[in-house]
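Just so you know, the sequences run in chain order A and B. Residues in the first sequence are numbered from 16 upward in steps of one, following our numbering. Residues in the second sequence are numbered from 2 upward in steps of one, following our numbering. Virtual Cβ for every residue (Gly too), placed ideally from N, Cα, C. Step one of this worksheet: look at the structure below.
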Amino acid sequence: MLLKDQPIRKKLMRVIILISGSVLLVTCSAFFFYEYYSFRQKTIQTLSTTGKIIAANSTAALAFANPDDAKEILSALAAEQHIVAASLYDKDGKLFALYPATSSLTNFPAKPEKRGYEFKGSFIDGFAPVIQNNNLLGTLYLKSDLQAMYERFKLYSILTIFVIGLSFLLAYFLSSILQKRISEPITVLAETAKAISEKGDYSVRATKLGEDELGLLTDAFNNMLSQIQQQNYKLNEFNKSLEQKVIERTIDLEFVNKELIESEAQIQSVFNSAPDAVIVIDSDSNVVRWNAQAEIIFGWKADEIIGNPLQNFIIPEKYRERHLNGMKHFFKTGEGPVLNKTIELEALNKSGAEFACALSIAPTQLKGKYLFIAFARDITKSKKAESELKQKSLELSRSNADLEQFAYVASHDLQEPLRTITSYVQLLGKRYKDKLDQDANDFINFAIDGSNRMRNLINSLLEYSRVNRIKPFEHIDMNDLLKDVLQNLANSIKESNANIVADDLPTVYGDLVLIDQLFQNLIGNAIKYKGEKSPEIHVSWKRENGDYLFSIKDNGIGIPKEYSDKIFVIFQRLHGKDKYQGTGIGLAICKKIVERHGGKIWVESEPGKGSTFYFTIKANLKTTKNMEENTKALIA
Amino acid sequence: MTVLKMIAPKFIASILLAMFSVSFTTAQPPASREYQIKAIFLFNFTQFIEWPAAAFANPGSPLVIGILGENPFGSYLHDAITGEKVNGHPLIIQRFSSISQIQPCHILFINQTETNKFGQLETILKGQSVLTVSDAPDFMKRGGMVRFFTKSNKTQLQINLESIKAANLVVSSKLLRLAEIFEPNKK
Numbered sequence: 016m017l018l019k020d021q022p023i024r025k026k027l028m029r030v031i032i033l034i035s036g037s038v039l040l041v042t043c044s045a046f047f048f049y050e051y052y053s054f055r056q057k058t059i060q061t062l063s064t065t066g067k068i069i070a071a072n073s074t075a076a077l078a079f080a081n082p083d084d085a086k087e088i089l090s091a092l093a094a095e096q097h098i099v100a101a102s103l104y105d106k107d108g109k110l111f112a113l114y115p116a117t118s119s120l121t122n123f124p125a126k127p128e129k130r131g132y133e134f135k136g137s138f139i140d141g142f143a144p145v146i147q148n149n150n151l152l153g154t155l156y157l158k159s160d161l162q163a164m165y166e167r168f169k170l171y172s173i174l175t176i177f178v179i180g181l182s183f184l185l186a187y188f189l190s191s192i193l194q195k196r197i198s199e200p201i202t203v204l205a206e207t208a209k210a211i212s213e214k215g216d217y218s219v220r221a222t223k224l225g226e227d228e229l230g231l232l233t234d235a236f237n238n239m240l241s242q243i244q245q246q247n248y249k250l251n252e253f254n255k256s257l258e259q260k261v262i263e264r265t266i267d268l269e270f271v272n273k274e275l276i277e278s279e280a281q282i283q284s285v286f287n288s289a290p291d292a293v294i295v296i297d298s299d300s301n302v303v304r305w306n307a308q309a310e311i312i313f314g315w316k317a318d319e320i321i322g323n324p325l326q327n328f329i330i331p332e333k334y335r336e337r338h339l340n341g342m343k344h345f346f347k348t349g350e351g352p353v354l355n356k357t358i359e360l361e362a363l364n365k366s367g368a369e370f371a372c373a374l375s376i377a378p379t380q381l382k383g384k385y386l387f388i389a390f391a392r393d394i395t396k397s398k399k400a401e402s403e404l405k406q407k408s409l410e411l412s413r414s415n416a417d418l419e420q421f422a423y424v425a426s427h428d429l430q431e432p433l434r435t436i437t438s439y440v441q442l443l444g445k446r447y448k449d450k451l452d453q454d455a456n457d458f459i460n461f462a463i464d465g466s467n468r469m470r471n472l473i474n475s476l477l478e479y480s481r482v483n484r485i486k487p488f489e490h491i492d493m494n495d496l497l498k499d500v501l502q503n504l505a506n507s508i509k510e511s512n513a514n515i516v517a518d519d520l521p522t523v524y525g526d527l528v529l530i531d532q533l534f535q536n537l538i539g540n541a542i543k544y545k546g547e548k549s550p551e552i553h554v555s556w557k558r559e560n561g562d563y564l565f566s567i568k569d570n571g572i573g574i575p576k577e578y579s580d581k582i583f584v585i586f587q588r589l590h591g592k593d594k595y596q597g598t599g600i601g602l603a604i605c606k607k608i609v610e611r612h613g614g615k616i617w618v619e620s621e622p623g624k625g626s627t628f629y630f631t632i633k634a635n636l637k638t639t640k641n642m643e644e645n646t647k648a649l650i651a
Numbered sequence: 002m003t004v005l006k007m008i009a010p011k012f013i014a015s016i017l018l019a020m021f022s023v024s025f026t027t028a029q030p031p032a033s034r035e036y037q038i039k040a041i042f043l044f045n046f047t048q049f050i051e052w053p054a055a056a057f058a059n060p061g062s063p064l065v066i067g068i069l070g071e072n073p074f075g076s077y078l079h080d081a082i083t084g085e086k087v088n089g090h091p092l093i094i095q096r097f098s099s100i101s102q103i104q105p106c107h108i109l110f111i112n113q114t115e116t117n118k119f120g121q122l123e124t125i126l127k128g129q130s131v132l133t134v135s136d137a138p139d140f141m142k143r144g145g146m147v148r149f150f151t152k153s154n155k156t157q158l159q160i161n162l163e164s165i166k167a168a169n170l171v172v173s174s175k176l177l178r179l180a181e182i183f184e185p186n187k188k
């Protein structure tokens, strides 16, 4: 058992005993060592004294060469039991007498050595001079064992052990009495604390036994108990209210949960009934959701694909790296060029076949993690239809172009023989007018008239076919253009006494010649088909849906409603040639010009009251960079 | 000193090795060897016997060793005392061929040949602090103070304490330990 786990009572006792024990041990050791050194000194001193006495006594024996006497003197050493050997040497260093007399010679030094005594192992020995009246007569050798010292030490050791033992007993006895004064209040306090912690009864109070630190501790402890009691009460109250709250919250939560489950079911049903494939992937490109439509389009069942990397299933190999890089790029920069827009690309189905797919991807965040929602649609059919349509329109525009080319070539080539016919018929009329009979005159006039009309027709046809000749567009100030048109029409305006009013017109972007022709045709028509009153013509405009909407209003004869479309078809005429001259191409040309500028033309009219021709011109034509393409698109 | 060194082997031999001792004694003339030891002993008497201050004319006067009769020590005694001092008194040797020639001295060695004159000697030396020494067999009976005698092949001493006291001399108890005390009344 470790000391730190022992009761304080035992700790105190141990501390006291340990301290007294170590103090005693140190004291005894010091005493012991002092004794050791002093005893050594004393032993040497004693031996030296003994030596001096023996030496003094041996002088005569040496002087008068009496070894027997010397032996006798030495034998007196028997009284000193620790002297184990002694010998006398004469003046010349020869052995003279031995003690004990029976000892072997080897026990003694062969001759005297340095004077004085010293310790050698467990013995002390040395030499002393034998002197009489300052005359050196010889040398004494003495050897003593240290038995005396050992005996003394033995005694000391026993004494020390006895003293230490006694001290321990005393220390134990005293400490067991004294420790109570310190440990008892602590023990009482500890037992009170233990009882409280076991029973949980905080109304118990510890008994105070004094005014010392432990008394303070007891007070503090009791104080603490009061506080705990109070806090416990508060805690209980709080617990009760907490439980109530928990119950309330649980009810709320259950309600919310139910709603959540319902809403999830709703989402699931919306998700599954979506007409498009809806795929959700996480930030590692693993599939999270896969709706019914996705199963149909791609062939993979939800449980086959959910949790697996999307790219391994539906993205063709050529796009896979781009897909992963795109995701990485998004996480790094927050940008994704394919996000939040519809793109068309190829996708793989379960059988490994590629098909066209319209895809839009939107990133979203759920609990701090990115999710990507993809809507995909199989556009194989619409793609096919689109390409068929393209093909058709291409064919159409090609045949249109062929026709126009044909019309142009035909009218151009027809002019040549017509010119011959016209010039010869005119020549015939000049030379043979009134020289033949009246019938011949009429026939010649009919022929001239017919050839003129044919020339007009051919010219008109040429104009019509030229409309689609591509010329660069330019900015046209319609006010200037209108002035020019009215100048050209000055004669007929004068003849018909027409009054033409125009608003301040905008600048448009288009083919100057064609727009000029458009206005000339429309205003010309308004004058030409005048009623009984002199023509009142109003040119106005406004912006409508970003386009320019022009209107030319007259008070002419008007057009019956059923003809309002027919009039724009080539060679369609409402009136006989006798009443209104014309080729029947004018409005067809107008229509073509308007369409050339991305607009529409129509008429609103009431017969007898007048007509209003409307046409639009695309305002944003000029913002399109590639005019050629615009043109082509328009033609198509 | 040198003398001591020379006689040392003799001691060791006599104590420890009988064989060695025998061979040693046969190697030199007996008188010489014996008197060599006796010469040393004579010198050593100066170490263990105290003379009264009155025995000396002054603190620096010599301690005289006299030899009555023939000198049996050869140069040994001379060697033994040369350069030695006792309590500040240098040692010298004086030889007296006859009793009449005797002069004041502190130790008087009496040759065996002169023992018959001992009666006269006693009267001459009476009242003087002179240590009389001899190796004559009947020396003690004739009132001598110290006698050399040989016992178990060793030179030993016989001392007449009474006569020494009478001469006002003090003998060290250490010396007395070694010596055989002669008591004339007992005999």
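DSSP-derived helix/strand/coil call for residue i
{"i": "GLN596/A", "result": "coil"}
{"i": "PHE234/B", "result": "Outside the shown range of chain B, which is 2 to 188, sits residue 234/B, and nothing can be said about it."}
{"i": "THR222/A", "result": "coil"}
{"i": "MET7/B", "result": "With a pLDDT of 47 at MET7/B, under the threshold of 50, the predicted position of this residue should be treated as unreliable, though the coordinate-derived value follows. Reduced to three states, the DSSP call for MET7/B is helix."}
{"i": "ARG29/A", "result": "helix"}
{"i": "PHE110/B", "result": "strand"}
{"i": "GLU319/A", "result": "helix"}
{"i": "PRO324/A", "result": "strand"}
{"i": "PHE97/B", "result": "strand"}
{"i": "ASN254/A", "result": "helix"}
{"i": "VAL271/A", "result": "helix"}
{"i": "GLU228/A", "result": "helix"}
{"i": "GLU181/B", "result": "strand"}
Strand pairing of residue i, partner residues [DSSP]
{"i": "VAL178/A", "result": "According to DSSP, which records beta bridges pairwise, VAL178/A is partnered with nothing at all."}
{"i": "VAL119/B", "result": "According to the sequence shown, residue 119/B is Phe rather than Val. BP columns for PHE119/B are empty, so no partner."}
{"i": "GLN283/A", "result": "Paired residues: none, contrary to the question."}
{"i": "VAL145/A", "result": "GLY153/A"}
{"i": "SER652/A", "result": "Beyond the ends of chain A as shown, which are 16 and 651, falls residue 652/A; an answer cannot be given."}
{"i": "SER37/A", "result": "Beta-bridge pairing links SER37/A to no other residue."}
{"i": "PHE138/A", "result": "ASP160/A"}
{"i": "PHE565/A", "result": "TRP556/A, PHE630/A"}
Nearest-angstrom Cα separation, counted from residue j out to residue i
{"i": "LEU374/A", "j": "ALA389/A", "result": "7 Å"}
{"i": "ASN635/A", "j": "ASN483/A", "result": "20 Å"}
{"i": "GLN244/A", "j": "ALA210/A", "result": "15 Å"}
{"i": "ARG34/B", "j": "ASN88/B", "result": "29 Å"}
{"i": "MET642/A", "j": "GLU410/A", "result": "For MET642/A, the predicted structure reports a pLDDT of 48, less than 50, and the residue's modelled location is therefore unreliable. The matter cannot be settled from this model."}
{"i": "ILE567/A", "j": "HIS427/A", "result": "33 Å"}
{"i": "LEU162/B", "j": "LEU113/A", "result": "31 Å"}
{"i": "SER731/A", "j": "ARG196/A", "result": "Residue 731/A lies beyond the range of chain A shown here (16 to 651); nothing can be said about it."}
{"i": "ILE608/A", "j": "GLU336/A", "result": "51 Å"}
{"i": "ALA91/A", "j": "ALA70/A", "result": "12 Å"}
{"i": "GLU228/A", "j": "ASP234/A", "result": "10 Å"}
{"i": "ASP297/A", "j": "ASP526/A", "result": "55 Å"}
{"i": "SER44/A", "j": "PHE46/B", "result": "56 Å"}
{"i": "MET164/A", "j": "PHE54/A", "result": "7 Å"}
{"i": "ALA85/A", "j": "VAL145/A", "result": "12 Å"}
{"i": "GLY144/B", "j": "GLU87/A", "result": "31 Å"}
{"i": "LEU240/A", "j": "GLU199/A", "result": "20 Å"}
{"i": "PHE25/B", "j": "PRO138/B", "result": "Only weak support exists for where PHE25/B lies, its pLDDT of 38 falling under 50; the value from the coordinates is given anyway. Answer to the nearest angstrom: the Cα atoms are 25 Å apart."}
Per-residue burial, residue i [other beta carbons within 10 Å of its own, 16 or more giving buried]
{"i": "VAL172/B", "result": "buried"}
{"i": "THR522/A", "result": "exposed"}
{"i": "ALA54/B", "result": "exposed"}
{"i": "ASP393/A", "result": "buried"}
Task: Segments assigned beta strand (DSSP E), at least 3 residues, entirely inside the stretch 48-124 of chain A - done: 98-105, 110-114
Open item on the list: To test your reading of the DSSP string, which unbroken alpha helix (DSSP H) runs of 4 or more residues are found completely within the stretch 496-523 of chain A?
Closed with: 505-511
TODO: Go through the stretch 330-402 of chain A residue by residue and report every complete run of the beta strand (DSSP E) that reaches 3 residues or more, in order.
DONE: 357-363, 369-381, 384-393
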